[in-house]
Amino acid sequence: MSQIGLPFDWEGQAQADNFLIGEANHLALRHVEQWRDWPIPISILSGPARSGKSTLGRHFIALSDGEVIDDAERQGDEYLFHQWNIARDSGRPLLLIAQNAPTQWNVTLPDLRSRLAAAPHIRIAEPDDMLVRQLIETGLARAGSAFSPDVPEWLARRIERSYAAVADLLVRLNSLSLAASRKISVPMLKEALQISGTSPIIATDSLPEQGQGSNGEEER
């Protein structure tokens with residue numbers, strides 16, 4: 010089964026209305042869409058794996074006719090410096106995409122390091138509870154997996170808050186649906202997922218309610 014890009018690959022179509030938006034990524038989306046307001050024609054987008062950075066990169070290209078360098082932190086200093094100068098001189102916008110913030114890149118060229126430090130930088134955070142639930146529900150629906158209405162909420166309260174964990178879970182759930190040839194339900198998940206030592210499920214029914222700490226008091 011193919012991998013799932015979150016929060017979701019648009020199957021080659023860079024359309025903002027297909028991008029699932031939450032507290033974790035709405036500022037990044039707005040930053041990309043307001044590329045004309047950047048103080049310089051270069052900006053940096055970072056975020057965790059599977060967080061939709063490349064999806065936003067395609068959206069940026071469609072909007073601006075600009076250029077994207079994906080996995081920028083693994084590119085050579087001289088190459089990045091050259092592309093930076095081209096964008097600066099031509100005015101054609103350039104978006105550098107990376108998993109880590111530029112302060113964590115292994116940059117040895119002083120001129121590039123100073124440019125990176127001065128460039129606008131926006132970061133996608135790991136998903137909040139609501140976005141996790143939306144990702145699970147949308148991922149199952151797009152894959153054509155039948156599921157009970159309570160499944161996304163039940164899973165969202167028990168899964169690690171990361172895009173990678175959600176993507177891995179969706180692959181497992183869709184495989185489970187195909188193998189079982191029946192609707193995914195909470196009882197099925199309890200049996201199939203929590204038995205597996207490699208399951209992304211991180212807790213059981215003893216988890217505190219959302220919005221509460223481990224002592225039962227509401228978190229602030």
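FYI, in the numbering used here the residues of the sequence shown are 10 to 229.
Glycine is no exception: its CB is placed at the ideal position from the N, C-alpha and C atoms.
Every value quoted in this text rests on a predicted model; they were computed, and no experiment measured them.
- Annotated three-state conformation of F28 is coil, per DSSP.
- Across the set A173, V160 and L140, the C-alpha of V160 shows the shortest separation from the C-alpha of L149.
- Look at L104 here: in three-state DSSP terms it is strand.
- Shown here, S55 sits in a strand according to DSSP, grouped into three states.
- Between the region 89 to 96 and the region 52 to 72 there are fewer than three inter-stretch CB-CB distances shorter than 8 Å, so the stretches are not counted as touching.
- Per DSSP, reduced to three states, the secondary structure at E162 is helical.
- Three or more beta-carbon pairs separated by less than 8 Å link the region 39 to 54 to the region 115 to 134, which places the two stretches in contact.
- Scanning its chain for C-beta atoms nearer than 7 Å, with the 5 sequence neighbours on each side dropped, one finds around K192 the residues A155, F156 and S157, in chain order.
- A81 places its beta carbon 8 Å or farther from that of I49.
- Three or more Cβ pairs closer than 8 Å define a contact, and the region 35 to 49 meets that threshold against the region 131 to 151.
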